[in-house]
Amino acid sequence: MNQTATGPSVATAFWVMTVQTFQRQWRVRQMGWVSVGLLALVVTSVGVVTFRDRWGLPHRPVRRDLTNQQYADQQLLPGRYDPRRYEAYSVPNPPSVAPIGPHEVPNPFDPLRNGVQSLVLSVPHAVLNSREFRDRWEFMNFSRWVVLGAYFGFVLPMFTLAYASAAFGTERESRSLVWVMTRPVPRSAIYLAKFLGTLPWCVLFGLGGFAALCLAGGALGLKALELYWPAAAAGTVAFAAMFHLIGAVFRRPVVVGLVYVFFYEALVAALPGSLKLLSLTFYARSLMYNAAAAAGYPVNMLDLAQAESTGNAWAVLAAAATGLTVFGMWLFARLEYRDDV
34 MNQTATGPSV ATAFWVMTVQ TFQRQWRVRQ MGWVSVGLLA LVVTSVGVVT FRDRWGLPHR
94 PVRRDLTNQQ YADQQLLPGR YDPRRYEAYS VPNPPSVAPI GPHEVPNPFD PLRNGVQSLV
154 LSVPHAVLNS REFRDRWEFM NFSRWVVLGA YFGFVLPMFT LAYASAAFGT ERESRSLVWV
214 MTRPVPRSAI YLAKFLGTLP WCVLFGLGGF AALCLAGGAL GLKALELYWP AAAAGTVAFA
274 AMFHLIGAVF RRPVVVGLVY VFFYEALVAA LPGSLKLLSL TFYARSLMYN AAAAAGYPVN
334 MLDLAQAEST GNAWAVLAAA ATGLTVFGMW LFARLEYRDD V
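Per this note's numbering, the sequence shown starts with residue 34, numbered consecutively.
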């Protein structure tokens, strides 16, 4: 029985190219090491703040030697009428005792002023001592600086740029891009195979960076990880599609990607009005905003004006990832490429 030798099917070649792309991404390139180093610095900073218990309002320094809680305590009557307040200036007062101000010399006693001051300050002092208020303020302060700022503004774009742009960047550096395009696979399928082979690494390091930041935040970070991971995952996939397209079109994708992240995204996402609707970061942050609002946290602490609804944000991010991928497949099939760098 004679068998006719046939070449590999398109489906087999597509699968092999996807697996090879995934395997080649194991070797972290220079941009990946830079991202890991910067992530280590951010994680260390978050860990130091967590260790010093500075996310909460009572323990934040209001002055060089006083926290908010200590300053609030010393402004009330017990702190202002403590006998140790009138000892010699050479004896340092404890944080709960208010020092004598210049306006109180030579007579530090002013019952009317002190009584009115204590009455006015009693309301914010009571709020400051509310456990529920302090816990919610502490979590939203962590969310604002670590998740909204450090992760969505820096860590997520850097990791996805490092790996998504490397799918074709590695081929250009090794001068094998033309060879790849001669495989028995349509060009559009080559683009898709490269994306599917790179996407797991983008998700792994994107969500891995998010988990590292959250673990450095202790109990607050674990709560943030549970609440915000869907927003992180959606943002990772959308950014991966964007940077994969940039890597296929431009010869210097890292430079173009950095300009996109730190100029376009940083500027447009912070602008009021409808221009921010062109930003991927805005929709990822909207998912985070809505998740915090649904959990009952004071989202007014987040610097995000006019957040999109959860449904719209999911729809836009999904449409962006799909649309950028389809457009990239169409464009990659029509562009001419050379192996010179």
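Each residue gets a CB set at the ideal place from its N, CA and C atoms; glycine is no exception.
Residue i versus residue j: straight-line alpha-carbon distance, rounded
{"i": "Arg57", "j": "Tyr330", "result": "43 Å"}
{"i": "Leu304", "j": "Phe47", "result": "42 Å"}
{"i": "Leu357", "j": "Trp170", "result": "38 Å"}
{"i": "Gly80", "j": "Val332", "result": "24 Å"}
{"i": "Leu72", "j": "Ala338", "result": "27 Å"}
{"i": "Arg285", "j": "Arg167", "result": "47 Å"}
{"i": "Gly242", "j": "Leu189", "result": "7 Å"}
{"i": "Phe84", "j": "Met64", "result": "30 Å"}
{"i": "Leu308", "j": "Ser42", "result": "46 Å"}
{"i": "Tyr261", "j": "Phe360", "result": "29 Å"}
{"i": "Asp336", "j": "Phe295", "result": "17 Å"}
{"i": "Leu310", "j": "Gly148", "result": "52 Å"}
{"i": "Leu306", "j": "Ala340", "result": "Here residue 306 turns out to be Gly, not Leu, going by the sequence shown. So the alpha carbons of these two residues sit roughly 11 Å apart."}
{"i": "Arg216", "j": "Val292", "result": "33 Å"}
{"i": "Leu313", "j": "Cys235", "result": "16 Å"}
{"i": "Pro144", "j": "Ser155", "result": "16 Å"}
{"i": "Met214", "j": "Phe228", "result": "15 Å"}
{"i": "Arg177", "j": "Met334", "result": "7 Å"}
{"i": "Ala252", "j": "Val82", "result": "13 Å"}
{"i": "Leu210", "j": "Ala266", "result": "30 Å"}
Endpoints, the alpha helix (DSSP H) within which residue i is located
{"i": "Ser221", "result": "220-249"}
{"i": "Val179", "result": "Element bounds for Val179: n/a, residue is neither H nor E."}
{"i": "Ala340", "result": "Segment: none, Ala340 is in no alpha helix (DSSP H) and carries neither H nor E."}
{"i": "Asn323", "result": "313-327"}
{"i": "Thr193", "result": "189-197"}
{"i": "Leu291", "result": "286-292"}
{"i": "Met50", "result": "43-57"}
Member of the options whose CA lies at the smallest distance from the CA of residue i
{"i": "Gly290", "options": "Ala302, His277, Leu300, Phe228", "result": "His277"}
{"i": "Ala328", "options": "Ala244, Ala281, Met173", "result": "Met173"}
{"i": "Ala90", "options": "Ser155, Glu165, Ser42, Arg205", "result": "For the sequence presented, residue 90 should be read as Leu rather than Ala. Among Ser155, Glu165, Ser42, Arg205, the Cα nearest to that of Leu90 is on Glu165."}
{"i": "Leu74", "options": "Ser307, Val179, Trp262, Glu204", "result": "Val179"}
{"i": "Val288", "options": "Leu194, Ala340, Ala324", "result": "Leu194"}
{"i": "Phe315", "options": "Glu259, Leu210, Tyr184", "result": "Tyr184"}
{"i": "Ala354", "options": "Ala366, Val49, Leu232", "result": "Leu232"}
Contact check, residue i vs residue j, beta carbons under 8 Å
{"i": "Phe175", "j": "Ala264", "result": "no"}
{"i": "Ala271", "j": "Ala197", "result": "no"}
{"i": "Phe192", "j": "Ala281", "result": "no"}
{"i": "Ala226", "j": "Thr343", "result": "no"}
{"i": "Leu350", "j": "Ala317", "result": "yes"}
{"i": "Ala299", "j": "Gly186", "result": "yes"}
{"i": "Ala346", "j": "Leu320", "result": "yes"}
{"i": "Ala245", "j": "Val76", "result": "yes"}
{"i": "Glu88", "j": "Ser221", "result": "With the sequence shown as reference, residue 88 is identified as Trp, and Glu is not the correct amino acid for it. Cβ atoms of Trp88 and Ser221: not closer than 8 Å."}
{"i": "Cys247", "j": "Gly239", "result": "no"}
Exposure of residue i, with buried meaning 16 or more beta-carbon neighbours within 10 Å
{"i": "Trp66", "result": "exposed"}
{"i": "Gly268", "result": "buried"}
{"i": "Gly230", "result": "buried"}
{"i": "Ser68", "result": "buried"}
{"i": "Ala249", "result": "buried"}
{"i": "Ala44", "result": "exposed"}
{"i": "Ala405", "result": "For the chain, the structure presents residues 34 to 374; residue 405 sits outside this window and is missing."}
{"i": "Thr51", "result": "buried"}
{"i": "Asn323", "result": "buried"}
{"i": "Arg205", "result": "buried"}
{"i": "Ala348", "result": "exposed"}
{"i": "Ala38", "result": "A caution first: Ala38 carries a pLDDT of 40, below 50, which makes its placement in the model unreliable, though a value can still be read off. Exposed: under 16 other Cβ atoms inside 10 Å."}
Any chain D beta carbon closer than 8 Å to residue i
{"i": "Gly239", "result": "No chain D is present in this structure, which holds just one protein chain."}
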